[in-house]
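A.B. asks: What follows is a single structure, and I will ask about it in a moment.
Protein chains: 2
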Amino acid sequence: MTDLGLRDRKKQQTRAALTEAALRLVDERGLDAVTVEDISAAADVSPRTFFNYFATKDEALIGDHTADDDVMRERFLAVEPALSVFEAIQVAAEPVIDAIDRERELWRRRIRVMTANPELVAGLMVRSARSERELIEAIGRRAGVAPDSGWPVLAAGVIGAVFRSALLSWAKSDGRTFADHVHEAFGAIAAGMPDPIKDPK
Amino acid sequence: MTDLGLRDRKKQQTRAALTEAALRLVDERGLDAVTVEDISAAADVSPRTFFNYFATKDEALIGDHTADDDVMRERFLAVEPALSVFEAIQVAAEPVIDAIDRERELWRRRIRVMTANPELVAGLMVRSARSERELIEAIGRRAGVAPDSGWPVLAAGVIGAVFRSALLSWAKSDGRTFADHVHEAFGAIAAGMPDPIKDPK
């Protein structure tokens, strides 16, 4: 998203390569059958280098999403004030949504690995607690209410539910983009969550 | 909720006393300063008895909510079919909401302890994964769509966000009941999550 020097870009590539290798190996062999040594070898770095990026195997699997979260929050606060919180978050999320659409296979793997190992989801949650707190504050600021007044916490939870459900249904579907699934979910929220139209059987 | 024999009622009381003692001690002293021995002594049982109910200190703090989850899901499936999923869940949740309203001090403590120790929230999430899956299935069944079609996952996530945000704002507020906070949050969902009315400053 931002202009990075060559060295930072190289670092970002190594980090991404480690996460990709970790997800691929765990997806193929199972969580317990993969070591930090395996992941490092697959990403063509030493275990010593691995530990410059991640403290544990679980961390490499989860990856580091703080940069994406920061970009989204900054864009969200900068979107024109006439838009509502839920309209603004969709505009703000566009680059992150597009990046996920471009990495469909990586994300399918990530979702398979997370679904098979729910303890990783818990780790992800603990690590994203700071991002969530900051999103709640940003929502409060945009909406002009106190962050702990209830509504910003509800809104952040609903936004999380939109992205989680869209990720799951997109990973299973063929053809439609992640952006389609996200917009469909936000559409259901905007409509007040009426019952869905029943599947024709 | 259900008719229990004397022995089961006694067990339930011991379990509740252990959770209450655990929350009180951790709230007063901090997570690391409280042992299973402390909790057992405060609840007037032996550590051996403690381990008949909970495998770890964290489990005692989290408590066992599966009974409540089961009651809510069964009621949800039994509510008259004319009601929408979001109307039905509010009817189904009434006894659980009332029970929380009656135990305000315990819940305030629980929320303080969880907020101070986010790793407990992750443990709660892992332990409630089964309940969430079952709720998603129940929602799919009531709405007449496949559980993995996206909408039931979104609906379960939104319901979770409603209860979490209502718990947090109720624990901080004075006067209004938990039921009031839950209904306010469901009202915001039904209205399509428009921006809140700004706080007069």
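For the protein sequence lines, the chains are A and B, in the order given.
Mapping the first sequence onto my numbering, position 129 (from 1) lands on 781, and the numbers just tick up by one.
Mapping the second sequence onto my numbering, position 70 (from 1) lands on 722, and the numbers just tick up by one.
Glycine included, each C-beta is placed from N, C-alpha and C at the ideal position.
Every value quoted in this text rests on a predicted model; they were computed, and no experiment measured them.
Just to confirm before moving on: does the CB-CB distance between I749 (chain B) and A668 (chain B) stay below 7 Å?
C.D. replies: Cβ distance not < 7 Å, so I749 (chain B) and A668 (chain B) don't count as in contact.
A.B. asks: Distance cutoff 7 Å, beta carbons only. Does L772 (chain A) sit that close to anything in chain B?
C.D. replies: No, no contact with chain B.
A.B. asks: Going along chain A, which residues have a C-beta under 7 Å from D716 (chain B)?
C.D. replies: Going along chain A, no residue has its Cβ under 7 Å from D716 (chain B), so there is no contact; the nearest lies around 18 Å.
A.B. asks: Buried or exposed for R854 (chain B), going by 16 or more other Cβ atoms inside 10 Å?
C.D. replies: There is no way to answer for residue 854 (chain B), as the model of chain B reaches only from 653 to 853.
A.B. asks: Three or more C-beta pairs closer than 8 Å, one from the segment 782 to 801 of chain A and one from the segment 779 to 798 of chain B: is that the case here?
C.D. replies: Output reads no: the segment 779 to 798 of chain B does not touch the segment 782 to 801 of chain A.
A.B. asks: Suppose contacts are defined by Cβ-Cβ distances below 7 Å. Is K709 (chain A) in contact with V688 (chain A) by that definition?
C.D. replies: Contact flag set, yes.
A.B. asks: Taking a contact to mean a Cβ-Cβ separation below 7 Å, would you say A673 (chain A) touches A694 (chain A) in this structure?
C.D. replies: Yes. Within cutoff.
A.B. asks: Kindly indicate the opening and closing residues of the alpha helix (DSSP H) around E746 (chain A).
C.D. replies: Looking at the DSSP string, the run of the alpha helix (DSSP H) that includes E746 (chain A) is V737 to R754.
A.B. asks: Considering only residues of the segment 763 to 812 of chain B, which uninterrupted alpha helix (DSSP H) runs meet the minimum length of 4 residues and lie entirely inside it, listed in chain order?
C.D. replies: Within the segment 763 to 812 of chain B, the complete alpha helix (DSSP H) runs of at least 4 residues are 770 to 779 and 781 to 795.
A.B. asks: Just to confirm before moving on: does the CB-CB distance between A712 (chain A) and L670 (chain A) stay below 7 Å?
C.D. replies: Their beta carbons are under 7 Å apart, which means A712 (chain A) touches L670 (chain A) by this criterion.
A.B. asks: Taking contact to mean 3 or more Cβ pairs, one atom from each stretch, closer than 8 Å, check whether the segment 753 to 766 of chain A and the segment 808 to 815 of chain A are in contact.
C.D. replies: Taking 8 Å as the limit for Cβ pairs, the verdict is that the segment 808 to 815 of chain A does not touch the segment 753 to 766 of chain A.
A.B. asks: Using a cut-off of 7 Å between C-beta atoms, extract the partners of D753 (chain A) located in chain B.
C.D. replies: The contacting residues do not exist; D753 (chain A) stays about 16 Å from chain B at best.
A.B. asks: With DSSP as the reference, label F838 (chain B) as helix, strand or coil.
C.D. replies: Residue state, collapsed to three classes: helix.
A.B. asks: Compare the C-beta of P848 (chain B) against all C-beta atoms of chain A and say whether one is closer than 7 Å.
C.D. replies: So, interface residue.
A.B. asks: Buried or exposed for Q665 (chain A), going by 16 or more other Cβ atoms inside 10 Å?
C.D. replies: Burial call: exposed.
A.B. asks: What residues in its chain sit with their C-beta under 6 Å from that of M653 (chain A), if we drop five residues either side in the sequence?
C.D. replies: For M653 (chain A), the predicted model reports a pLDDT of 46, less than 50, meaning its position is unreliable and no value from the coordinates is stated.
A.B. asks: Helix, strand or coil for E757 (chain B), going by three-state DSSP, please let me know.
C.D. replies: In the structure shown, E757 (chain B) sits in a helix (DSSP, three-state: H, G or I).
A.B. asks: So which of A:E726, A:W759 and A:R828 has the shortest CA-CA distance to I714 (chain A)?
C.D. replies: The candidate whose alpha carbon is nearest that of I714 (chain A) is A:W759.
A.B. asks: I need the straight-line Cα distance from F738 (chain A) to L683 (chain A), nearest angstrom please.
C.D. replies: In a straight line, the C-alpha of F738 (chain A) is about 37 Å away from that of L683 (chain A).
A.B. asks: For the segment 810 to 825 of chain A, list every residue whose C-beta sits within 8 Å of some C-beta in chain B, in sequence order.
C.D. replies: The segment 810 to 825 of chain A vs chain B, Cβ under 8 Å: V810, G812, A813, V814, R816, S817, A818, L820, S821 and K824.
A.B. asks: Is V731 (chain A) helix, strand or coil when you go by DSSP?
C.D. replies: Here V731 (chain A) sits in coil by DSSP.
A.B. asks: Taking all protein chains shown into account, do 16 or more other C-beta atoms lie within 10 angstroms of the C-beta of F728 (chain A), making it buried, or fewer, making it exposed?
C.D. replies: Its Cβ being crowded by 16 or more others within 10 Å, F728 (chain A) is buried.
A.B. asks: Which residues, in chain order, does the segment 792 to 809 of chain A contribute to contact with chain B at a C-beta distance below 9 Å?
C.D. replies: So the close ones are R794, A795, G796, V797, A798, D800, S801, G802, W803, P804, V805, L806, A807, A808 and G809.
A.B. asks: Applying the 10 Å Cβ sphere with the 16-neighbour rule, what's the burial state of F703 (chain A)?
C.D. replies: So F703 (chain A) ends up on the exposed side.
A.B. asks: Could you pull the start and end residues of the alpha helix (DSSP H) that V688 (chain B) belongs to?
C.D. replies: Where V688 (chain B) is concerned, the enclosing alpha helix (DSSP H) stretches over V688 to A694.
A.B. asks: Determine the direct distance from the alpha carbon of V805 (chain A) to that of P848 (chain B), and round the result to whole angstroms.
C.D. replies: If I take the Cα positions, the gap works out to 12 Å.
A.B. asks: Only counting the same chain, and skipping five residues up and downstream in sequence, which positions put a Cβ closer than 8 Å to that of Q742 (chain A)?
C.D. replies: Counting only Cβ-Cβ distances below 8 Å, and skipping sequence neighbours, we find V834, H835 and F838.
A.B. asks: Are I791 (chain A) and A807 (chain A) close, meaning C-beta to C-beta below 7 Å?
C.D. replies: Result yes, Cβ atoms of I791 (chain A) and A807 (chain A) sit closer than 7 Å.
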